[in-house]
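Each remark here refers to the structure printed beneath this line.
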Amino acid sequence: MKFAIALFSAAHAPSSRRALLFAKAALAGGHEIVRLFFYQDGVYSASNAIVTPQDEQDIARQWRELVSAHQLDGVVCIAAALRRGVLNHEEATRYQRSAVNLEAPWALSGLGQLHDAAQAADRLICFGGP
Amino acid sequence: MAKSLLVISRQAPWSGPSAREALDIVLAGGAFDLPIGLLLLDDGVFQLAPHQDAKAVQQKDLSANLQALGLFGIDDVFACSHSLAARGLVHSTLAQPLDSAAITQLIDRYDQVITL
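Sequence order for the protein chains is A and B.
Residues in the first sequence are numbered from 0 upward in steps of one, following numbering that gives the first Met the number 0.
Residues in the second sequence are numbered from 0 upward in steps of one, following numbering that gives the first Met the number 0.
Shown next as structure tokens:
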């Protein structure tokens with residue numbers, strides 16, 4: 000089955016971890032993930048500036064590793080990301096900000112990518128709230 | 000045929016960017032001519048409150064965006080009648096009120112649902 004996964008929660012929220020486990024289980028079960036789309040506070044789950052204590056799960060890093068290992072299409076909503084200070088090099092330069100906290104494998108793009116993924120997938124699975 | 004999407008917006012317009020971001024999904028879908036609907040539920044019905052003074056809370060007015068949905072070809076805008084009544088709001092011309100049974104049928108009718 001083809002899944003599109005939308006995440007609306009930050010990396011420290013249990014729903015981000017649930018989404019990660021779902022994505023891993025889907026891939027392990029031989030399913031396809033057509034796209035990950037991070038929206039609202041979900042953009043924080045793609046930030047590379049998160050530092051977790053050594054005895055805690057680093058969910059943002061695990062997301063990054065999953066996307067890289069499986070060459071997934073990981074898209075972060077650009078409007079939601081700019082509003083929350085999650086910037087790649089291009090946007091940091093454009094808006095003259097000193098911090099860059101988003102990099103490959105993540106791409107910034109618009110909401111059209113969410114609709115496109117939802118149309119291409121058999122199922123759109125959303126993770127939000129606590 | 001394009002899959003239909005129902006966006007359920009459950010946040011008040013002044014409780015952070017959630018209401019605006021839910022509306023942005025709807026507007027983006029409308030721009031792509033996708034079959035898309037919006038259901039205002041729980042505190043989301045506050046988006047229909049009349050005489051909102053956005054400037055008083057140093058915010059941008061969201062109600063104009065809601066009124067613009069028709070221009071984007073989005074006519075399927077609904078509000079939970081129970082949520083409206085619980086918050087002392089009267090029915091708005093912007094959204095068709097639905098009771099719980101009708102909301103169940105509405106959700107069944109759409110291929111996909113996003114709740115924010």
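The beta carbon of each residue, even a glycine, is placed where N, CA and C say it ideally should be.
Remember, predicted model here, so these are calculated numbers, not experimental data.
Problem set entry | Residue of A/Leu86, A/Tyr94, A/Ala79, A/His88 minimising C-alpha distance to A/Phe7 | A/Ala79
For this session: Tell me B/Ser91's beta-bridge partners as DSSP assigns them.
Result: Per DSSP, none; premise fails for B/Ser91.
For this session: For B/Phe31, go through chain A and note every residue whose CB falls closer than 7 Å to its CB, in chain order.
Result: Per Cβ cutoff of 7 Å: Gly111, His114.
Exercise. Of the residues A/Asp115, A/Ala120, A/Pro129, A/Gly127, which one's Cα is nearest the Cα of B/Asp32?
Worked result: A/Asp115
Exercise. For the candidate residues A/Gly73, A/Ser67, A/Ala91, A/Phe126, whose alpha-carbon lies nearest to that of A/Gly109?
Worked result: A/Gly73
Exercise. Going straight from the alpha carbon of B/Ala18 to that of B/Met0, what length do you get?
Worked result: 29 Å
Exercise. What are the boundary residues of the beta strand (DSSP E) that includes A/Trp105?
Worked result: 105 to 108
Exercise. Checking contacts by CB at 8 Å: is A/Tyr38 closer than that to chain B?
Worked result: Yes, contact with chain B.
Exercise. Cβ of B/Thr114 less than 8 Å from any chain A Cβ?
Worked result: yes
Problem set entry | As assigned by DSSP and simplified to three states, the class of A/Lys23 | Of the three classes helix, strand and coil, the one that applies to A/Lys23 here is helix, per DSSP.
Exercise. Where does A/Ile58 sit, in a helix, a strand or coil, going by DSSP?
Worked result: helix
For this session: Give the DSSP-derived three-state secondary structure of B/Pro96 in the structure shown.
Result: Looking at B/Pro96 - three-state DSSP - the assignment turns out to be strand.
Exercise. Within 8 Å (strictly less), CB to CB, does B/Ser17 reach chain A?
Worked result: Yes, B/Ser17 lies at the interface with chain A (some Cβ there is under 8 Å from its Cβ).
Exercise. Among A/Gln118, A/Gly84, A/Ile124, which has the Cα closest to the Cα of A/Leu107?
Worked result: With distances taken between CA atoms, A/Leu107 lies nearest to A/Gly84 out of A/Gln118, A/Gly84, A/Ile124.
Exercise. With a Cβ-Cβ cutoff of 8 Å, do B/Arg9 and B/Thr114 count as a contact?
Worked result: yes
Exercise. Between A/Phe36 and A/Ala5, which are expected to be in contact by the criterion C-beta below 8 Å, what is the C-beta distance as a whole number of angstroms?
Worked result: 5 Å
Exercise. What's the gap between the Cα of A/Ala3 and the Cα of A/Arg34?
Worked result: 5 Å
For this session: Name the residue from B/Trp13, B/Leu5, B/Lys2, B/Tyr109 whose alpha carbon lies nearest to the alpha carbon of B/Val56.
Result: Ranking the options by Cα distance to B/Val56, first place goes to B/Trp13.
Problem set entry | DSSP state of A/Arg63 mapped onto helix, strand, coil | helix
Exercise. Using a C-beta cutoff of 8 Å, does B/Asp75 count as contacting chain A?
Worked result: no
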